[in-house]
Structures are given as C-alpha cells and as structure tokens.
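Peer 1: Positions 18 to 511 (my numbering) are the ones given, in order, by the sequence shown.
Glycine included, C-beta positions come from ideal geometry on N, C-alpha and C.
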Amino acid sequence: MSELEGSVLRAIHDQQQIADSGEYALSQSVDHLTLVGIIKSLAASELITVEDIDHFRYALSDEATSYLAAGSPEAQVFKVVPEEGLPLSQLKVLLPGDIGDVGFKQAMQQKWLATDKSGGEPKIIRKVDCITDKTQQLLKDVAEGKEIDKADAEALKKRKLIRNETWKTYKLGKGAKFALERVKPATDLTAEMIQKGTWRTQEFKEYNFNALGAIPSGGHLHPLLKVRTQFRKIFTQMGFEEMPTNNYVESSFWNFDALFQPQQHPARDAHDTFFLTKPATTTTGVPEEYLQRVKDVHQNGGYGSIGYGYSWKLAESQKNLLRTHTTAVSSRMLYRLAQDGFKPAKYFSIDRVFRNEAIDRTHLAEFHQVEGVICDRGLTLGDLIGVLHQFFSRLGLPKLRFKPAYNPYTEPSMEIFSYSEELKKYMEVGNSGMFRPEMLRPMGMPEDVNVIAWGLSLERPTMILYGIDNIRDLFGHKVSLSMVKRNPLCRLGL
Ligand code: PHE
C-alpha cells in the first residue's frame, strides 16, 4: 500500500469524506492524475465510494495572454492614432502583423476610428476622445477566474482568445468495505483459517472462471497404445473380431505342436524361446484325442502329408513358455471354432510376445504382434493377397510385393514387402500364409475350410510413424517419460 493510499483512507476516516480530490491533491502536493490511479483501485475494491465533480472554466489562448499587459489589438491601434490622424499605410509600419489588421477592424466596428479619404491618401482618424479597453478587462477577469457575461464569452471564443476547458475531480466517501488498510483477499482457504475461525471474516479473491487450468500430469497414452487403437479400428471396420490374448504364458503345445512345428525345430530351442522354470510344465487343457491326432500327424502324417517321421514327446509339448507369437492365440481360437461347429470367422489380435533375442536398435526380447486370421470354405492365396492389399492400404501402405517364405504352419507362405515413399525402396512389413491341413484337420476343421493369416509387429509401423529409430527409445526401461507425454496424435493411413 502506498503512502498516498494510506493518507487518502485516513482522511476519509477522519472527515467521513474527501470533498474534492482536486483540492486534496493540491494540499498533498501530488499530481491529480497519480491520485486518480489510487482512487480507481480503492473504488474497485469497494473501500471507497466515488462521485464525479464536473468542472468548467474558460482558458486564455497564448495570444490572449499577451494582451493582458499590452491591451487588446483595437486599443493598441487606437493608441497609435494621434489627434490629427494617421495615414493608413503608416499603421502597418507602427503595428505590423495581425495586431494592426485585427485591431483596426475591431476599432472600426466599435466606432472608435473612421477613415477619411478627402485629402487623397486615406487617413485614420479618431471618432472618440478616449476609450475603455473592455476586451483587455474581460481577459483579465477570465485570467483571475471571475465570471463573465455569456455574450462576451462567445465573442471572445469567436476571436479564439478563450476556449472551454472541462475536467473532473471526485468526491470520495467510505465504501462498503471501507478499512484503514487494504487487506489482500486470500486465494486459498487454509487449515489455519479453519482452526482460528478467521475464514468467517476473511475476504477471498473471486474465482476467475476464464483462467486456463493447470495441465494435468497424468493419463498419457504411449505411442504403441495409440497405434494399437488405430489397428483395432481398421480390423473392426473390416469386420474382424478380437481374440482373447490375456495369457503371456503358453504351453509348447499351443505355441508349437498344434501349429505342426516339429519338436526339434531350432525356434523351440532355449536360445530362441523363454521357457518357464516354475511351473516348468502344464498338463491341463488339451483333450486326449486331439493330442493323439497332433502326435500322429507329426510322426506319421495324414490328410495327404507324410509327417516328420520322428518320435513325438508329450513332455516336450507340456513345457511352459512365454508365447513367441500371437499365432499361439490363433491356434487356440481355431481349435475352439472347429469344436463349436465350424462357421466362417474373421479374427484379429494385438498383443505382446517374447523371444530370446540379442538386443539391438531394432530388436527387443519382447514386442507386440498384430495378427489377422480369416477362416472360410474355399479360400485361396488370391483371397490372402486381396485382403492384404485392403488391410495395408488402410495403413497407408498401398504398394505391396510378396516373396515366397517358409513357416512350419503355413503353405504357401509369403513375406510381405511394402514400398516406402520416403526410403524409395520395398521394406519387409510382415509375414503371411495359408494354414496347413496338418494343423487344421487334427483340430477337426472340415476339409474344404481354408484359413489365411498374416502377422506383423506393432513396433515397426509405430517407429516409422513417430520417427523413432531406436526401439529402446520406444519401449523398455530407457524410454523417456516426456516422449510419452508429448508424442502427438496418431494418424494411420490415408
Ligand atoms: N507367426 C508369424 C511370426 O511370428 C506370423 C504369421 C502369422 C505368419 C500368421 C503366417 C500366418 O512371424
């Protein structure tokens, strides 16, 4: 609180009012404008009341000020005209400039002077002996703040000798919240106010409902989750149903054996797969007859296949592992579908898988797979190629090429390559194929049913979309939380 603010409040307290802020400013030797600033702020806090006082006066122009001592132009002209008269041309010499011209005109109007043209050259002659300089007197009155006649004032205004001047001062009184000291309103209710009971009288600052709130620090979606949502949208728009993927731990049976992956396949090595030690095995879940059919197809073949011709071990199929691909989920789903009486179906899954890999810029020991599966009678490789074109163009990757590949569970198998407009080359984006009869028939699938499927990682498209070139910046313990907070919205495709 400024000193001046304090003395204003004290003055109002002592005299119930300040009758005129103009006079008060004078008495305190402060600029009225400075005082007005304080008045406005005190009034805004309802400490004081304010009433306008309108002021009016005439003010002299610079020209008029010079006539206060020297007299009005008409009087000055009258003075220079001697009794015998003055040649008109002499006036300009004695009173050059406006004074001569203006004064002569005024004096003629007042009938103080006249012109005499009888002697050839025009002469100014006096018509009266003496004059009173009323204009000078009026200007003196104005200068002293005396009232003057309205008609006189109008005449002076016309001659631009005076002008209207208006200004405001204020009458100040006690406001609704008058106090000798301004109390800063509190912004928060404190425990202390409640304990002491001061909240009853405490003044609080009003809420500013237009203020922007603090940005909440929680609830940020990781890029992988955003891209997953986009994949879900694409699949559901294409009529696919999501498979339950909520088991990271899987038996070797569903992860490998059901998929006709031989037990001595290198992928089933501990170098590639994480096996569980506790519990190391499982015995539940697989019906005996199905188990037998799987064993049989591995050992002896069937359904037009010669099998692998090795001795299939139950114990090997019972080993628990962290699922190495979401195709383990698909194999469970397809078995269910065959048991429930086959109906055409379209399934998808997006979830985490685990591989015992050497970690580098593009590989982690856990990542996410996106998998699509379609089961129907009479599906062909052409259907697979067609649906891959549909799916990948929705991702914004319309240019595809395929390369023959090998998976134990699909025949034919195709690696999927997509043209990158940025890198100007084809890049591998996924793997696909038609599930083998050696996998489908033991499940109980009708002979004419074919299943086409494809899989890709969630990380690869996410890294491309978000411009992340090291997978460790996207996933795992080295991820920066600010990347998670600040990553932009995800927009997949066209
Ligand atoms: N399971 C395969 C992988 O892990 C992907 C795939 C899914 C291939 C479905 C063919 C069919 O790479």
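For LYS201, which option in GLU223, ILE211, THR300 and ARG143 has the closest C-alpha, if you only look at C-alpha atoms?
Peer 2: For the purposes of this step, residue 201 is taken as residue 184 along the sequence shown, with counting starting at 1. Nearest C-alpha to LYS201: GLU223.
Peer 1: If we count the other Cβ atoms within 10 Å of its Cβ and call it buried at 16 or more, is LYS163 buried or exposed?
Peer 2: In the sequence shown, counting from the first residue as 1, residue 163 sits at position 146. So LYS163 ends up on the exposed side.
Peer 1: In this structure, does DSSP put ARG394 in helix, strand or coil?
Peer 2: Your numbering for residue 394 matches position 377 in the sequence shown. Three-state DSSP puts ARG394 in a strand.
Peer 1: For LYS109, I'd like the list of residues in its chain whose CB is within less than 7 Å of its CB, leaving aside the five on either flank, ordered along the chain.
Peer 2: In the sequence shown, residue 109 corresponds to position 92, counting from 1. The residues are GLY117.
Peer 1: I need the straight-line Cα distance from THR82 to GLY102, nearest angstrom please.
Peer 2: Counted from its first residue, the sequence shown places residue 82 at position 65. Counted from its first residue, the sequence shown places residue 102 at position 85. Taking the straight line from one Cα to the other gives about 29 Å.
Peer 1: Pull up the distance between the alpha-carbon of GLU138 and that of PRO104, whole angstroms please.
Peer 2: For the purposes of this step, residue 138 is taken as residue 121 along the sequence shown, with counting starting at 1. For the purposes of this step, residue 104 is taken as residue 87 along the sequence shown, with counting starting at 1. Here the alpha carbons of PRO104 and GLU138 stand approximately 7 Å from one another.
Peer 1: Please enumerate, following chain order, all residues with a beta carbon closer than 6 Å to at least one heavy atom belonging to ligand 1.
Peer 2: HIS342, THR344, GLU388, ASN424, THR427, ASN448, SER449, GLY450, ALA470, TRP471 and GLY472
Peer 1: Does the separation of the CB atoms of GLN280 and GLU333 fall below 8 Å?
Peer 2: Position 263 of the sequence shown, counted from the first residue, corresponds to residue 280. Position 316 of the sequence shown, counted from the first residue, corresponds to residue 333. Yes, they are a contact pair.
Peer 1: When DSSP labels each residue in this structure, what does HIS385 get in the three-state scheme?
Peer 2: Here residue 385 is taken as the residue at index 368 of the sequence shown, counted from 1. Residue state, collapsed to three classes: strand.
Peer 1: So, does the segment 458-468 touch the segment 495-510, judging by three or more C-beta pairs under 8 Å?
Peer 2: Result no; under three Cβ-Cβ pairs closer than 8 Å.
Peer 1: Quick one: complete beta strand (DSSP E) runs, 3+ long, within the segment 312-392?
Peer 2: 337-339 and 362-371
Peer 1: Going by the DSSP bridge assignment, what does VAL266 pair with across the sheet?
Peer 2: The residue you call residue 266 lines up with position 249 of the sequence shown. VAL266 pairs with LEU339.
Peer 1: Can you tell me which of the three DSSP states GLY102 falls into?
Peer 2: Here residue 102 is taken as the residue at index 85 of the sequence shown, counted from 1. Three-state DSSP puts GLY102 in coil, outside helix and strand.
Peer 1: Using the C-alpha atoms, what's the distance from TRP184 back to LYS140?
Peer 2: Here residue 140 is taken as the residue at index 123 of the sequence shown, counted from 1. Here residue 184 is taken as the residue at index 167 of the sequence shown, counted from 1. A direct Cα-Cα distance of roughly 49 Å separates LYS140 from TRP184.
Peer 1: Is the number of C-beta pairs between the segment 43-56 and the segment 117-135 that are closer than 8 Å three or more?
Peer 2: Flag = no, the segment 43-56 and the segment 117-135 do not touch.
Peer 1: Compare the beta carbon distance of GLU182 and ARG74 with 8 Å and say whether it is the shorter of the two.
Peer 2: As a first step, residue 182 is located in the sequence shown; it is residue number 165 there, counting from the start. As a first step, residue 74 is located in the sequence shown; it is residue number 57 there, counting from the start. Yes.
Peer 1: I'd like to check one pair, MET480 with LEU473: are the Cβ atoms closer than 8 Å?
Peer 2: The residue labelled residue 473 in the question sits at position 456 within the sequence shown. The residue labelled residue 480 in the question sits at position 463 within the sequence shown. Not closer than 8 Å, so no.
Peer 1: So LEU405 and LEU396 are in contact, right, with Cβ under 8 Å, and what is the actual spacing, rounded?
Peer 2: Position 388 of the sequence shown, counted from the start, is the residue given in the question as residue 405. Position 379 of the sequence shown, counted from the start, is the residue given in the question as residue 396. Not a contact, Cβ separation roughly 13 Å.
Peer 1: Residues in its own chain within less than 7 Å of TYR436 by CB, not counting five upstream and five downstream?
Peer 2: Taking the first residue of the sequence shown as position 1, residue 436 is located at position 419. The residues are LYS416 and TYR443.
Peer 1: Specify, as a first and last residue, the run of the beta strand (DSSP E) that ARG199 falls within.
Peer 2: Translated into positions along the sequence shown, residue 199 becomes position 182. Here ARG199 belongs to no beta strand (DSSP E), and DSSP marks it neither H nor E.
Peer 1: DSSP three-state call for SER58: helix, strand or coil?
Peer 2: Locating residue 58 in the sequence shown gives position 41, where the first residue counts as 1. Correct three-state label for SER58: helix.
Peer 1: Per DSSP, which one or two residues make a beta bridge with PHE419?
Peer 2: Position 402 of the sequence shown, counting from 1, holds the residue named residue 419. Bridge partners of PHE419: ILE433.
Peer 1: For ARG508, count neighbouring C-beta atoms within 10 Å of its own C-beta (all shown protein chains included) and say buried if the count is 16 or more, exposed if not.
Peer 2: Taking the first residue of the sequence shown as position 1, residue 508 is located at position 491. Flag for ARG508 reads exposed.
Peer 1: Which residue marks the beginning of the beta strand (DSSP E) containing ALA76, and which one marks its end?
Peer 2: Mapped onto the sequence shown, residue 76 falls at position 59. Residues 65-77.
Peer 1: Going by DSSP, name the residue or residues bridged to ASP133.
Peer 2: If you number the sequence shown from 1, residue 133 lands on position 116. DSSP lists LYS140 as partners of ASP133.
Peer 1: Between the Cα of PRO261 and those of GLY235, LEU178 and ALA345, spot the shortest distance and give me the residue it belongs to.
Peer 2: Counting from 1 along the sequence shown, the entry for residue 261 is found at position 244. Nearest in C-alpha terms to PRO261, of all of GLY235, LEU178 and ALA345, is ALA345.
Peer 1: Which runs of the alpha helix (DSSP H) fall wholly inside the segment 197-245 and span at least 4 residues, in chain order?
Peer 2: 208-213
Peer 1: Would you identify the three-state DSSP class for ALA470, choosing helix, strand or coil?
Peer 2: On the sequence shown, residue 470 is found 453 positions in, with the first residue counted as 1. DSSP, reduced to helix, strand and coil, places ALA470 within a strand of the structure shown.
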